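**Student:** Below are the structure tokens for one structure; questions will follow.
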Amino acid sequence: RDTINELMSLCQKSISVLKKKINPQGFNIGANIGKVGGAGILEHIHLHIVPRWQGDTNFMPVISDTKVMPQYLSETYDLLKAGF
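Using full-length UniProt numbering, the first residue of the sequence shown is number 1, and each one after it goes up by one.
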């Protein structure tokens with residue numbers, strides 16, 4: 001239970017930081033659980049938090065070769081790191 005509470009707390013913190021820094025209109029939040037669910041490490045859990053804007057694409061880069069947010073990962077890291 002403590003792990004789930006901590007995970008949800010960090011999810012809320014992440015959403016707060018993203019709202020302040022990049023002002024998305026919404027979010028998709030998901031987790032891959034179990035081998036069939038796409039989890040690469042079976043005893044591991046993490047959340048995917050995807051900021052969304054009206055009119056953006058509905059697919060992640062792996063599926064449709066489309067960037068949801070056209071920015072280098074290092075730039076995103078530099079933008080968000082102070083919030084954590």
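No residue lacks a Cβ here, since even glycine has one placed at the ideal position from N, Cα and C.
Computed from a predicted model, the values in this text were never measured in an experiment.
Here's a check: name, in chain order, each residue in its chain whose Cβ is nearer than 8 Å to the Cβ of Leu18, leaving out the five neighbours to either side.
**Tutor:** Here residue 18 corresponds to residue number 18 of the sequence shown, with the count starting at 1. Closer than 8 Å at Cβ, skipping near neighbours: Pro24, Phe27, Ile49, Pro51, Leu80.
**Student:** Using DSSP with H/G/I as helix, E/B as strand and the rest coil, what is Asn23?
**Tutor:** The count along the sequence shown starts at 1 and reaches residue 23 at position 23. It is coil, neither helix nor strand.
**Student:** May I ask which residues mark the beginning and end of the alpha helix (DSSP H) holding Glu75?
**Tutor:** Numbered from 1 along the sequence shown, position 75 holds the residue referred to as residue 75. From DSSP, the alpha helix (DSSP H) with Glu75 extends over 73-80.
**Student:** Per the DSSP calculation, Arg52 is bridged to which residue(s)?
**Tutor:** Reading the sequence shown from its first residue, position 52 is the one you call residue 52. For Arg52, which the question treats as bridged, DSSP gives the partners Gly26.
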